[in-house]
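There are 2 protein chains.
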Amino acid sequence: MIHQAKKMIEQDDKAAGSEQLGIKRVCIIGVGLIGGSFARAIRQAGLVEHIIGCGRNTENLKKAVALGVIDDYSQDVSEAVKDADLVFIATPVGSIKAILAQIKNSLKESAIITDAGSTKVSVIHAVKTIFGYIPENFVPGHPIAGTENSGVEASFAKLYQAHRIILTPLKQTSAQALSVVTRLWQAIGAYVVLMDAQHHDSVLAATSHLPHLLAFSLVNTLTTLDEKQEIFENAAGGFRDFTRIASSDPNMWQDICLANKHALLTHLDLFSSDLDALREALKQDDGDYLNKIFTRAKASRDEFMAKKPT
Amino acid sequence: MIHQAKKMIEQDDKAAGSEQLGIKRVCIIGVGLIGGSFARAIRQAGLVEHIIGCGRNTENLKKAVALGVIDDYSQDVSEAVKDADLVFIATPVGSIKAILAQIKNSLKESAIITDAGSTKVSVIHAVKTIFGYIPENFVPGHPIAGTENSGVEASFAKLYQAHRIILTPLKQTSAQALSVVTRLWQAIGAYVVLMDAQHHDSVLAATSHLPHLLAFSLVNTLTTLDEKQEIFENAAGGFRDFTRIASSDPNMWQDICLANKHALLTHLDLFSSDLDALREALKQDDGDYLNKIFTRAKASRDEFMAKKPT
Chain A
1 MIHQAKKMIE QDDKAAGSEQ LGIKRVCIIG VGLIGGSFAR AIRQAGLVEH
51 IIGCGRNTEN LKKAVALGVI DDYSQDVSEA VKDADLVFIA TPVGSIKAIL
101 AQIKNSLKES AIITDAGSTK VSVIHAVKTI FGYIPENFVP GHPIAGTENS
151 GVEASFAKLY QAHRIILTPL KQTSAQALSV VTRLWQAIGA YVVLMDAQHH
201 DSVLAATSHL PHLLAFSLVN TLTTLDEKQE IFENAAGGFR DFTRIASSDP
251 NMWQDICLAN KHALLTHLDL FSSDLDALRE ALKQDDGDYL NKIFTRAKAS
301 RDEFMAKKPT
Chain B
311 MIHQAKKMIE QDDKAAGSEQ LGIKRVCIIG VGLIGGSFAR AIRQAGLVEH
361 IIGCGRNTEN LKKAVALGVI DDYSQDVSEA VKDADLVFIA TPVGSIKAIL
411 AQIKNSLKES AIITDAGSTK VSVIHAVKTI FGYIPENFVP GHPIAGTENS
461 GVEASFAKLY QAHRIILTPL KQTSAQALSV VTRLWQAIGA YVVLMDAQHH
511 DSVLAATSHL PHLLAFSLVN TLTTLDEKQE IFENAAGGFR DFTRIASSDP
561 NMWQDICLAN KHALLTHLDL FSSDLDALRE ALKQDDGDYL NKIFTRAKAS
611 RDEFMAKKPT
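Here the protein sequences line up with chains A and B, keeping their order. With this note's numbering applied, the first sequence corresponds to residues 1 to 310, in that order. With this note's numbering applied, the second sequence corresponds to residues 311 to 620, in that order.
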């Protein structure tokens, strides 16, 4: 059963944009911050005619229709993807394999499948396992954007503007499918970067997955202390920002950590080894060593900020 | 030699406020973010008649006069504190002992000495070493406020508004000195909290010093990787916030880490031990354990944010 939005938004502007890409009907699986923001942006840009949403949380889907983010929804994923020209999977990476199994036989032959999974090797592996091969219309993707909030109410059309989208096409991926997905992201203001999937996972382990693990771990350690109450009461802005990512969705991050386990362990071990050296220097009152590390870190971070002011 | 500001600001309003606290002349040693913001705030509140600055960087002091943050300056610290009713030491904790040695014989007998050192046990130890006893007019303090920026140009009058100021008075501290310092902070919009010095150092090690050490260490580790360039290019908002404190002043943080070495090592070891357990769970694909840690961390962090929205 497909639940229709009562009030349809005018279709004229959208039809004009959609013909260029040949994408009329889009199915978004997982209408949260990522899927919802994608839906809002492609709708606002007039790129598609119809957006159907799919997810497990009925209340969230109803909200998404009420907010005009999607036109209608189905909780039967194999029904939701029928007739879709493009399927965007924006659920936690651990759920993607099961979704693929359910949609495999309902997809239009020409349907493009793309995703927003935070790890890419595991998603590609899931596709290979379920389909038995890599479909040429499959374009693995990962938008480098987000906030610590979740759910369709946290979504907003500008989330991807001036943000990077990493696509990790395979040798089987068709140039046509890659081009459509690239132009779709570009049309909503994002920059597309192509990368090898394994390399993506290594880079993201360093810059995103490891920081999340450390933030979760630190906040957890502090909650176990007797002084817990006072610790949080006396925390300042530095602590608030350092731990912002510890407010992220635990289920999503459980999935990401497990899916990118090997790259994450590699970077975690490098980090721990360097941290041990810093600990030893501190123990030995080796101020010069501390200063060298702090100075190098500050220089890198300041350089990074100078290039990325927003 | 004292360098006068060419244009003096009207004194009428200030005189009215200053009489209540009996503080006419204030000497600020270290006119950076912390000292400069304190000067701006007490001047704006009309609490004092005259503010003299002292520091090593002549350019910074000249800027402070030009900006109206201080009335004049001297780079001879023993001269700067002469006739001051209150001396506010806002330099990195590692420099406080040497400053105390220089000002010891120039202070007015009634002068109140307070500081903004991020660690308190080490500052108290320095006072005891230099004076041979704890002067009753010494009120150790630590404002829980700041940004990652430094220098007088980064200072602003509202820095302390609605922020905590921890004072760690000793049994020798006079109620009169404690009262004046407390009311001075309150008058510029801060909340004063009293705490035992050792307890302060433990709480701050957890909530501030350890996060700084981790942020510096992580950014340093990433700079040593071959993928360094790509890692920073593909970093998102989460990384930016997590590493904000790694843009802090390396000299100041070298001092803090060394000054609070024992409490910092204790918390670092707790953190490392918990992180090792998380690593082991990840290695064993123990998703339930990861989820438990992440969920507890998110709950604590969300609770902290609900109480501290700004």
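Don't be surprised by glycine CBs; every beta carbon is placed ideally from N, CA and C.
State the start and end residues of the unbroken beta strand (DSSP E) segment that holds residue i.
i	result
B/HIS452	451–453
B/HIS360	360–364
A/VAL26	25–29
B/LEU477	474–477
A/VAL121	First-last for A/VAL121: 121–131, but that is the alpha helix (DSSP H), not the beta strand (DSSP E).
B/ASP425	422–425
B/ILE399	396–399
State yes or no: is the C-beta of residue i nearer than 7 Å to some heavy atom of the ligand HEM?
i	result
A/ASP76	The model depicted lacks the ligand HEM and carries no ligand whatsoever.
Applying the 10 Å Cβ sphere with the 16-neighbour rule, what's the burial state of residue i?
i	result
A/GLN254	buried
B/ALA607	buried
B/THR368	exposed
A/PHE294	buried
B/ALA376	exposed
A/GLU171	Correcting the residue type first, residue 171 of chain A is Lys in the shown sequence and not Glu. Classification for A/LYS171: exposed.
B/THR429	buried
A/ASP269	exposed
B/ASP559	buried
B/SER583	exposed
B/GLU419	exposed
B/ALA507	buried
B/ARG366	exposed
A/ASN105	exposed
B/ASP381	buried
B/LEU485	Sequence check: residue 485 of chain B is Ala here, not Leu. Per the 10 Å Cβ criterion, exposed.
A/TYR133	exposed
B/ILE459	A small fix is needed here, since residue 459 of chain B is Asn in this sequence, not Ile. With fewer than 16 other Cβ atoms within 10 Å, it is exposed.
Between residue i and residue j, how many whole angstroms is the CB-CB distance? I'm expecting something under 8 Å.
i	j	result
B/ILE344	B/ALA426	5 Å
A/GLY146	B/ALA609	So it is not a contact: roughly 20 Å between Cβ atoms.
A/GLY22	A/VAL180	7 Å
A/LEU265	B/ARG589	7 Å
A/PRO143	A/ILE113	Not quite, the Cβ-Cβ distance comes to about 16 Å (not below 8 Å), so this is no contact.
A/LEU282	B/CYS567	6 Å
B/ALA390	B/ILE362	5 Å
A/PRO92	A/MET305	At roughly 30 Å, the Cβ-Cβ gap does not stay under 8 Å, so A/PRO92 and A/MET305 are not in contact.
A/GLY32	A/VAL152	6 Å
B/LEU569	B/GLY404	One point to set straight first is that residue 569 of chain B is Ala, not Leu, in the sequence displayed. The pair is a contact, with the Cβ atoms about 7 Å apart (cut-off 8 Å).
Can you give me the start and stop residues for the alpha helix (DSSP H) that residue i sits inside?
i	result
A/VAL193	That residue, A/VAL193, is in no alpha helix (DSSP H); its beta strand (DSSP E) goes 191–194.
B/ASP584	571–593
B/SER490	A small fix is needed here, since residue 490 of chain B is Val in this sequence, not Ser. Unbroken alpha helix (DSSP H) run through B/VAL490: 485–497.
A/GLY237	237–242
B/GLY346	343–354
A/LEU222	210–223
B/SER610	597–617
B/ASP393	Here B/ASP393 belongs to no alpha helix (DSSP H), and DSSP marks it neither H nor E.
B/GLU369	368–376
A/GLN102	96–103
Residues of chain A with CB under 8 Å from residue i, in chain order?
i	result
B/PRO521	LEU218, GLY238, PHE239, PHE242 and THR243
B/THR517	LEU222, ILE231, PHE232, ASN234, ALA235, ALA236 and PHE239
B/LEU417	Within chain A, no residue comes near B/LEU417; the closest Cβ sits about 29 Å away, beyond 8 Å.
B/ALA525	PHE242 and ALA297
B/SER512	GLU227
So which residues on chain B does residue i lean against when the C-beta distance must stay under 7 Å?
i	result
A/ASP302	SER557
A/CYS257	LEU592 and LEU600
A/LEU47	Neighbours of A/LEU47 on chain B: none; closest Cβ ~24 Å, over 7 Å.
Against residue i, what residues of chain A qualify as contacts under a CB-to-CB distance less than 9 Å, listed in chain order?
i	result
B/ASN561	ASN291, PHE294 and THR295
B/ALA426	Within chain A, no residue comes near B/ALA426; the closest Cβ sits about 13 Å away, beyond 9 Å.
List the residues of chain B that residue i touches, going by C-beta distances under 8 Å, in chain order.
i	result
A/GLY146	ALA546, GLY547 and GLY548
A/ASP274	SER527, ASN530, THR531 and THR534
What residues of chain A sit near residue i, judged by a beta carbon separation below 7 Å?
i	result
B/VAL433	What B/VAL433 touches in chain A: nothing, since even the nearest Cβ is about 17 Å away.
Strictly below 9 Å CB to CB, what residues from chain B border residue i?
i	result
A/LYS261	LEU592, LYS593 and ASP595
A/ILE166	ASN544
Comparing the C-beta of residue i with each C-beta of chain E, is any distance below 8 Å?
i	result
A/GLN198	Here chain E cannot be found, since the structure's protein chains are A and B.
Using 8 Å as the Cβ pair cut-off and three pairs as the minimum, do the stretch 335–355 of chain B and the stretch 435–447 of chain B touch? no
Three or more C-beta pairs under 8 Å: does that hold for the stretch 493–505 of chain B against the stretch 373–387 of chain B? no
Cβ contact (3+ pairs, closer than 8 Å) linking the stretch 507–520 of chain B and the stretch 460–470 of chain B: no
Examine the Cβ distances between the stretch 553–560 of chain B and the stretch 300–307 of chain A and report whether three or more of them are shorter than 8 Å. yes
Determine, using beta-carbon pairs with one atom in the stretch 83–90 of chain A and one in the stretch 18–33 of chain A, whether at least three such pairs fall under 8 Å. yes
Counting Cβ pairs closer than 8 Å, one from the stretch 172–186 of chain A and one from the stretch 206–225 of chain A, do we hit at least three? no
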